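Engineer: Have a look at the structure that comes next, please.
Protein chains: 2
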Amino acid sequence: MVEVPAQQRSTRQRRAVSAILDDLDGFASAQQIHDKLSHRGEKVGLSTVYRNLQALVDAAQVDMIRADDGEVLYRRCNAGHHHHHLVCRSCGRTVEVSGSAIERWAEAVAAEHAFVEVEHTIEVFGTCSSCAAR
Amino acid sequence: MVEVPAQQRSTRQRRAVSAILDDLDGFASAQQIHDKLSHRGEKVGLSTVYRNLQALVDAAQVDMIRADDGEVLYRRCNAGHHHHHLVCRSCGRTVEVSGSAIERWAEAVAAEHAFVEVEHTIEVFGTCSSCAAR
DNA sequence: GACTTCTGTGAGAACGGTTGTCAAAACGAT
DNA sequence: ATCGTTTTGACAACCGTTCTCACAGAAGTC
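So the protein sequences, as listed, match chains A and B.
Residues 9 to 142 (the working numbering) make up the first sequence, in order.
Residues 9 to 142 (the working numbering) make up the second sequence, in order.
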């Protein structure tokens, strides 16, 4: 009758998505991840990829950013703390960066103009050395 | 025969979109602008609104940012220099801010990891004092 | 294993913002 | 007024994402 809170089940698809994220060292879109799954021979529906990525984002296991064209990109992210990204716009390779100076700047700016409940998005895009070499 | 490079023509629609932007003091989406035009009795096609906004962005007369949900927001922006925004997520009211410290930080971070052709997006969202009062 | 229950899946439809199409309208120069 | 070119707008197409819902398949129980 009164049963356990209902856990997440371990399914083949869930494991496959998670495995792809582990092998990725940069951001990738849901559709790119779906393609990679196909290439591995894993058949996973696109909806399922989206659902599981969203679940991982909710569980704070995956970071989510928005590319210039509006597409959403995902990346495994263990770090529990607040941070930003330096992303290669060509290969997606990513470095996590954090800067307390930035956080303080954002808060100061907001306070100066009496804004509350402040959030900020800071992402740095560039071309990494190996991509620039080509 | 060989004629002038072809100027932008002054059309009713173009003027109407521009007028709306002048009356706006925050960011608004293309569709919101389209609605405002309708309320004024100006009949302008949605495609035309998008086209003219894009043209203004290209002409550096309008700033463009992407909201959390991916929607694109526009705002008249005279300032020629590089800057960022402090945006009220409730009413769209916007303050232009610039911080050389931030620019230097972004460049330093990129240089440290040998990234080139660096760009950054920094937007601060919050609730402005008048919206917070409600 | 067999049975049950409830979560997860997937094919496809729907959605929402944006861009493309193309014939008709209209600007501006003559 | 006329002409050549740009601009417009109704509508379709696009594209990433979310929704729907019948069915598959975890995990618990006996």
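A virtual CB, placed ideally from N, CA and C, is assigned to each residue, including glycine.
Note that the coordinates shown come from a computational prediction; the quantities given were computed from them, not determined experimentally.
(1) Cβ of F123 of chain A within 8 Å of Cβ of T135 of chain B?
(2) For a test of the three-state rule: what should DSSP assign to D33 of chain A, helix, strand or coil?
(3) Cα separation between R83 of chain B and Q62 of chain B?
(4) Taking C-beta pairs closer than 8 Å, name the residues in chain A that G78 of chain B reaches, listed in chain order.
(5) Give the single residue among B:S37, B:I41, B:H89 whose Cα lies nearest to the Cα of A27 of chain B.
(6) Assign H89 of chain A to buried or exposed, taking buried as 16 or more other Cβ atoms, counted over all protein chains shown, within 10 Å of its Cβ.
(7) Between A68 of chain A and chain B, is any beta-carbon pair separated by less than 8 Å?
(8) Could you tell me whether the Cβ atoms of A109 of chain B and H128 of chain B are closer together than 8 Å?
(9) Grab the span of the alpha helix (DSSP H) containing D66 of chain B for me, first residue to last.
(10) Count the other C-beta atoms from every protein chain shown that fall within 10 angstroms of the C-beta of V10 of chain B, then say buried if there are 16 or more, exposed otherwise.
(11) In terms of residues, what are the limits of the beta strand (DSSP E) holding C85 of chain A?
(12) What are the boundary residues of the beta strand (DSSP E) that includes D71 of chain A?
(13) Please tell me whether H42 of chain B has its Cβ less than 8 Å away from any Cβ of chain A.
(14) Checking the sheet assignment: what are the DSSP bridge partners for V95 of chain B?
(15) For P13 of chain B and D33 of chain A, what's the separation of their Cα atoms in angstroms?
(16) Quick test of your reading: V95 of chain A and F133 of chain A, contact by CB under 8 Å. State the CB separation rounded to the nearest angstrom.
(17) Can you give the beta carbon distance from D66 of chain B to C85 of chain B, rounded, assuming they're within the 8 Å contact cut?
(18) Going by the DSSP bridge assignment, what does E127 of chain A pair with across the sheet?
(19) Check the DSSP bridge columns for V80 of chain B and list the partner residues they point to.
Structural biologist: Per the coordinate set shown:
(1) yes
(2) Here D33 of chain A carries a coil assignment [DSSP, helix/strand/coil].
(3) 11 Å
(4) R74, G78, V80
(5) B:I41
(6) exposed
(7) Not closer than 8 Å to any Cβ of chain B, the Cβ of A68 of chain A fails to qualify, so no.
(8) no
(9) 54-66
(10) Because V10 of chain B sits at a pLDDT of 43, beneath the cut-off of 50, its placement in the model cannot be relied upon, and the following sentence gives the value as read from the coordinates. Exposed.
(11) Element bounds for C85 of chain A: n/a, residue is neither H nor E.
(12) 70-74
(13) Not flagged as an interface residue toward chain A: H42 of chain B, since no C-beta distance is shorter than 8 Å.
(14) DSSP lists B:T102, B:F133 as partners of V95 of chain B.
(15) Residue placement at P13 of chain B is poorly supported in this model, since its pLDDT is 49, which falls under 50; the coordinates are not used for a value here.
(16) 5 Å
(17) The pair is not a contact, with the Cβ atoms about 13 Å apart (cut-off 8 Å).
(18) B:F133
(19) Answer is B:R74, bridged to V80 of chain B.
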